[in-house]
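For the protein sequence lines, the chains are A and B, in the order given. Going by the working numbering, the first sequence opens with residue 4, and the numbers climb by one from there. Going by the working numbering, the second sequence opens with residue 4, and the numbers climb by one from there. The beta carbon of each residue, even a glycine, is placed where N, CA and C say it ideally should be.
There are 2 protein chains.
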Amino acid sequence: MPRLVTERADVLPLLAEVFREHGYEGASLQLISQATGLGKGSLYHFFPGGKAEMAAAVLAEIDDWFERELYAPLRAAEDESVAAAIDAMFAAVDAYFRGGGRVCLVGALALGAARDRFGAAIASYFARWVGALADALQRTGCDTTTATALAEATVAGIQGALVLTRALDDPAVFRRTLQALRERLPPGNPVDAGNAGH
Amino acid sequence: MPRLVTERADVLPLLAEVFREHGYEGASLQLISQATGLGKGSLYHFFPGGKAEMAAAVLAEIDDWFERELYAPLRAAEDESVAAAIDAMFAAVDAYFRGGGRVCLVGALALGAARDRFGAAIASYFARWVGALADALQRTGCDTTTATALAEATVAGIQGALVLTRALDDPAVFRRTLQALRERLPPGNPVDAGNAGH
DNA sequence: GTCTATACAGTGATAGAC
DNA sequence: GTCTATCACTGTATAGAC
Numbered sequence: 004m005p006r007l008v009t010e011r012a013d014v015l016p017l018l019a020e021v022f023r024e025h026g027y028e029g030a031s032l033q034l035i036s037q038a039t040g041l042g043k044g045s046l047y048h049f050f051p052g053g054k055a056e057m058a059a060a061v062l063a064e065i066d067d068w069f070e071r072e073l074y075a076p077l078r079a080a081e082d083e084s085v086a087a088a089i090d091a092m093f094a095a096v097d098a099y100f101r102g103g104g105r106v107c108l109v110g111a112l113a114l115g116a117a118r119d120r121f122g123a124a125i126a127s128y129f130a131r132w133v134g135a136l137a138d139a140l141q142r143t144g145c146d147t148t149t150a151t152a153l154a155e156a157t158v159a160g161i162q163g164a165l166v167l168t169r170a171l172d173d174p175a176v177f178r179r180t181l182q183a184l185r186e187r188l189p190p191g192n193p194v195d196a197g198n199a200g201h
Numbered sequence: 004m005p006r007l008v009t010e011r012a013d014v015l016p017l018l019a020e021v022f023r024e025h026g027y028e029g030a031s032l033q034l035i036s037q038a039t040g041l042g043k044g045s046l047y048h049f050f051p052g053g054k055a056e057m058a059a060a061v062l063a064e065i066d067d068w069f070e071r072e073l074y075a076p077l078r079a080a081e082d083e084s085v086a087a088a089i090d091a092m093f094a095a096v097d098a099y100f101r102g103g104g105r106v107c108l109v110g111a112l113a114l115g116a117a118r119d120r121f122g123a124a125i126a127s128y129f130a131r132w133v134g135a136l137a138d139a140l141q142r143t144g145c146d147t148t149t150a151t152a153l154a155e156a157t158v159a160g161i162q163g164a165l166v167l168t169r170a171l172d173d174p175a176v177f178r179r180t181l182q183a184l185r186e187r188l189p190p191g192n193p194v195d196a197g198n199a200g201h
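Shown next as structure tokens:
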């Protein structure tokens, strides 16, 4: 049986969950130590910069995941496969955020005091999301202004759905809002393949 | 230095700003003391329950304001004045959140660990917002399902716009998103009642 | 690499002088 | 009412044993 944690990369998902649940300020080293099973000494061995470096590493990993699974496919979609790429984006969002049961760490950090510390990473994450989606929308015939406005409204809608779902503690809000956002985007209304069944 | 505070009610706006800027966990009594100009002894005189009571009082005051300035007018709007009430809601939102430069404390708390402590107040704030808006929308001819979905999408869109605006540090995002949200609501852009839900 | 022990500032909260 | 002093505790971070 291999050890639970052997490399720095193995801790990142556990760290991410602690930051998501408790926020940056609320995630104490004690909580992190419990969640990872590592003592403080080991944590500082992996992350000499302490909590700030842990959060930065988590953000970088999240950014990589979204870049690979969402942004790149949106940018790479050919004209006739844009609809499928957008469907895939919504499906990935629904899965990643567990139907609204999981918070967006980047969005949560953006609202808190930690925004100043991680401002560049936060801005880049959202700017590339909006940019990749607007890029894809333009290939459906939207002009630049419309595509950007639609992309912004969609990304904002997803973030707001996470806030509202968590506030009301009702996953149905997330499902409904995501579907409404999808239906507003060209091209056309998707066949209910992506996220209709639950 | 003149005294800033003579009653408990005078502290609430200052407290609210500290919680908005630093979050619940990040708002230390030291910061609160600086922002209000009150020593810890005075703070505990006004709020024997400490930080939790301060936050609860702030939430109650915010809730009162929204109830009075937003929810009640939406509910009270007659059929022919619903459009004006909705316009007024967007104007109030824009003013209250300072064009996206100010965070929604309730939304920020909903994303953080403090949600468990203030869950009831947070849920009530958003449920009554969605409810009041859906109520008004029904008076424009929407069926219940469509009105609820539109209201949810609008409130979520506002919250998401705050996240995105703060993340990108670009007030134009807030302005554009708010305008797009307004244009989607009837009356003015009547939905085709045939296929919105299912 | 991982642990224990520890340094030291900062936390929320309380008591008492004025 | 407001302040200062102080409480017990937790925070991040470091040092050193193994």
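Quick check on residue i - is its C-beta less than 8 Å from some C-beta in chain B?
{"i": "V106 of chain A", "result": "yes"}
{"i": "P193 of chain A", "result": "Confidence is the limiting factor: at P193 of chain A the pLDDT is only 48, short of 50, which leaves the residue's position unreliable and the question unanswerable from this model."}
{"i": "V166 of chain A", "result": "yes"}
{"i": "L18 of chain A", "result": "no"}
{"i": "A162 of chain A", "result": "Here residue 162 of chain A is Gln; the residue named in the question, Ala, does not match the sequence. At least one chain B Cβ lies under 8 Å of Q162 of chain A."}
{"i": "I35 of chain A", "result": "no"}
{"i": "R142 of chain A", "result": "no"}
{"i": "G29 of chain A", "result": "yes"}
{"i": "F129 of chain A", "result": "yes"}
{"i": "I125 of chain A", "result": "yes"}
{"i": "A159 of chain A", "result": "yes"}
{"i": "R11 of chain A", "result": "no"}
{"i": "V176 of chain A", "result": "yes"}
Is residue i buried or exposed, if buried means 16 or more other CB atoms sit within 10 Å of its CB?
{"i": "D82 of chain B", "result": "exposed"}
{"i": "G26 of chain B", "result": "buried"}
{"i": "E10 of chain A", "result": "exposed"}
{"i": "R131 of chain A", "result": "buried"}
{"i": "R169 of chain B", "result": "buried"}
{"i": "Q33 of chain A", "result": "exposed"}
{"i": "R23 of chain B", "result": "buried"}
{"i": "A87 of chain B", "result": "exposed"}
{"i": "A55 of chain B", "result": "exposed"}
{"i": "A98 of chain A", "result": "exposed"}
{"i": "Q162 of chain B", "result": "buried"}
{"i": "A154 of chain A", "result": "buried"}
{"i": "D266 of chain B", "result": "Chain B is shown from 4 up to 201; residue 266 of chain B falls before or after that span and cannot be answered."}
{"i": "G42 of chain B", "result": "exposed"}
{"i": "G53 of chain B", "result": "exposed"}
Give every residue of the same chain whose Cβ lies closer than 8 Å to the Cβ of residue i, excluding the five residues on either side of it in the sequence, and list them in chain order.
{"i": "Y128 of chain A", "result": "L62, I65, D66, F69, V109"}
{"i": "T202 of chain A", "result": "Any property of residue 202 of chain A remains undetermined from this structure, which presents chain A solely from 4 to 201."}
Does any residue of chain A have a CB that is nearer than 8 Å to the CB of residue i?
{"i": "F22 of chain B", "result": "no"}
{"i": "T180 of chain B", "result": "yes"}
{"i": "R101 of chain B", "result": "no"}
{"i": "I65 of chain B", "result": "no"}
{"i": "R169 of chain B", "result": "yes"}
{"i": "V85 of chain B", "result": "no"}
{"i": "E155 of chain B", "result": "yes"}
{"i": "D172 of chain B", "result": "yes"}
{"i": "F69 of chain B", "result": "no"}
{"i": "L114 of chain B", "result": "yes"}
{"i": "G110 of chain B", "result": "yes"}
{"i": "G26 of chain B", "result": "yes"}
{"i": "A152 of chain B", "result": "yes"}
{"i": "R185 of chain B", "result": "no"}
Excluding five sequence neighbours on each side, which residues of the same chain lie with their C-beta closer than 7 Å to the C-beta of residue i?
{"i": "F93 of chain B", "result": "L181, R185"}
{"i": "G102 of chain B", "result": "P174, F177, R178"}
{"i": "G104 of chain B", "result": "P174"}
{"i": "F100 of chain B", "result": "C107, L165"}
{"i": "R118 of chain A", "result": "L112, I125"}
Once you ignore the five residues that flank residue i on each side, which residues in its own chain have a CB closer than 6 Å to its CB?
{"i": "T147 of chain B", "result": "none"}
{"i": "I35 of chain B", "result": "V21"}
{"i": "G44 of chain B", "result": "none"}
{"i": "A113 of chain B", "result": "I125"}
{"i": "T143 of chain A", "result": "V85, P189, P190"}
{"i": "T39 of chain A", "result": "V14, L17"}
{"i": "A57 of chain A", "result": "Per the sequence shown, the amino acid found at residue 57 of chain A is Met instead of Ala. Hits under 6 Å: L18, F50."}
For this session: Entirely within the stretch 56-143 of chain A and at least 3 residues each: give me those beta strand (DSSP E) ranges in chain order.
Result: none
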